[in-house]
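Trainee:
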Amino acid sequence: MTECILKIENVSKAFKTNRRSKIQALDNICLSVPKGAIIGLVGSNRAGKSTLLKLALGLIKPDSGSITRFSKPVSDRSTLKHIGAVLESPVFPSHLTPTAILHILGSLSGIATEDLSQRIIEALTKVGLEDRQEQSVGGFSRGMTQRLLIAQAILATPTLLILDEPLEGLDFDAREKVRDLLINWRQEGRSVILVSHELEEIEALCDRVILIANGKILRDEPIENWRGNSQGPFLQKAIQLACANTTPIG
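Just so you know, we're using my numbering here: the sequence shown kicks off at 17 and counts up by one.
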């Protein structure tokens with residue numbers, strides 16, 4: 017039986033808009049992430065995807081339901097050392113270099129000092145920033161900053177990557193590097209949760225695709241089931257059909 021590294025069971029989350037009103041961001045969500053898989057999470061803006069990622073990382077608490085990571089409750093912060101994430105873009109200090117930034121983040125995450133320099137070189141090489149490692153990030157383009165974000169996510173070689181629009185702002189060569197990185201991550205028995213509005217990337221990379229709309233899971237199936245008998249790009253049409261015909265799960 018494949019090991020489950022993230023399990024979300026009957027989770028709901030609402031946010032107050034004022035004293036009397038609430039927005040139901042997630043409603044009775046159930047999903048699991050097995051070891052050695054790339055899971056695509058798709059849906060329109062405000063569907064609940066970002067809320068789900070923040071819950072999985074323990075950044076916010078659910079109103080109901082349970083979340084376990086590596087068979088431990090999400091409140092157990094020791095499991096965070098096995099997770100790397102790219103969410104909203106932070107603002108890096110403009111005078112620092114990628115090497116300096118990763119050294120700070122790696123030290124904070126508990127990477128052994130004797131291993132850190134090599135880890136930094138490997139992470140920057142995987143995202144194509146090895147030639148920029150001593151350049152101040154104040155001169156970085158959006159795509160270069162995005163690559164640095166991915167480098168910090170993989171620095172500790174985590175078992176689970178949680179990536180929100182990781183390909184945004186990347187040129188063709190950088191996209192190829194990130195695709196190869198994610199494929200190799202899976203081949204090494206690690207897992208990825210990938211949020212992207214670029215459905216062709218989801219089709220090419222993911223083993224399973226989960227569609228969220230209005231805080232509910234509409235469909236959660238292997239990519240082969242989404243494809244059916246279609247030729248060429250298929251996911252956009254399949255999502256439209258699912259939104260029109262599928263009863264929410266849960």
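Think of the CB as a built atom: it goes at the ideal place given N, C-alpha and C, for glycine as much as any other residue.
Everything numeric in this text was worked out from a predicted model, so none of it was measured.
Tell me whether N200 sits in a helix, a strand or coil according to DSSP, three-state version.
Mentor: Of the three classes helix, strand and coil, the one that applies to N200 here is helix, per DSSP.
Trainee: I believe L210 touches I55 by the beta-carbon criterion, under 8 Å. Please report the beta-carbon distance rounded to the nearest angstrom.
Mentor: Right, their Cβ atoms sit about 7 Å apart.
Trainee: What three-state label does DSSP hand L227 in the structure shown?
Mentor: Here L227 sits in strand by DSSP.
Trainee: Go through its chain and collect everything with a Cβ distance to F108's Cβ below 6 Å, but skip five positions before and after it.
Mentor: The residues are I117 and V153.
Trainee: K38 lies in the alpha helix (DSSP H); which residues open and close that run?
Mentor: Premise fails: K38 lies in the beta strand (DSSP E), K38 to P50, not in any alpha helix (DSSP H).
Trainee: If you draw a straight line from the C-alpha of H98 to the C-alpha of A220, how long is it?
Mentor: C-alpha separation (whole angstroms): 25 Å.
Trainee: Can you list, in chain order, the residues of its chain with a C-beta nearer than 6 Å to that of G185? Leave out the 5 residues immediately preceding and following it.
Mentor: Around G185: R158, G159 and Q162.
Trainee: Taking DSSP's pairing of strands, which residues face R235 in a bridge?
Mentor: Answer is L227.
Trainee: For T141 and E237, I'd like the C-alpha separation in whole angstroms.
Mentor: If I take the Cα positions, the gap works out to 34 Å.
Trainee: Pull up the CB-CB distance for A101 and I170, whole angstroms please, since I reckon it's below 8 Å.
Mentor: 10 Å between Cβ atoms; not a contact.
Trainee: To which residues does DSSP link I54 through a beta bridge?
Mentor: Paired residues: V208.
Trainee: Determine the burial state of I120: buried for a count of at least 16 other Cβ atoms within 10 Å of its Cβ, exposed for fewer.
Mentor: So I120 counts as exposed.
Trainee: Rounded to whole angstroms, what is the Cα-Cα separation between R85 and G231?
Mentor: Each residue's alpha carbon lies about 21 Å from the other.
Trainee: Give every residue of the same chain whose Cβ lies closer than 6 Å to the Cβ of K23, excluding the five residues on either side of it in the sequence, and list them in chain order.
Mentor: Here the set comprises S48 and T84.
Trainee: Could you tell me the alpha carbon to alpha carbon distance between G122 and K32, rounded to whole angstroms?
Mentor: G122 and K32: Cα-Cα distance of roughly 36 Å.
Trainee: Using the beta-carbon count (16 or more within 10 Å), is P89 buried or exposed?
Mentor: P89 comes out exposed.
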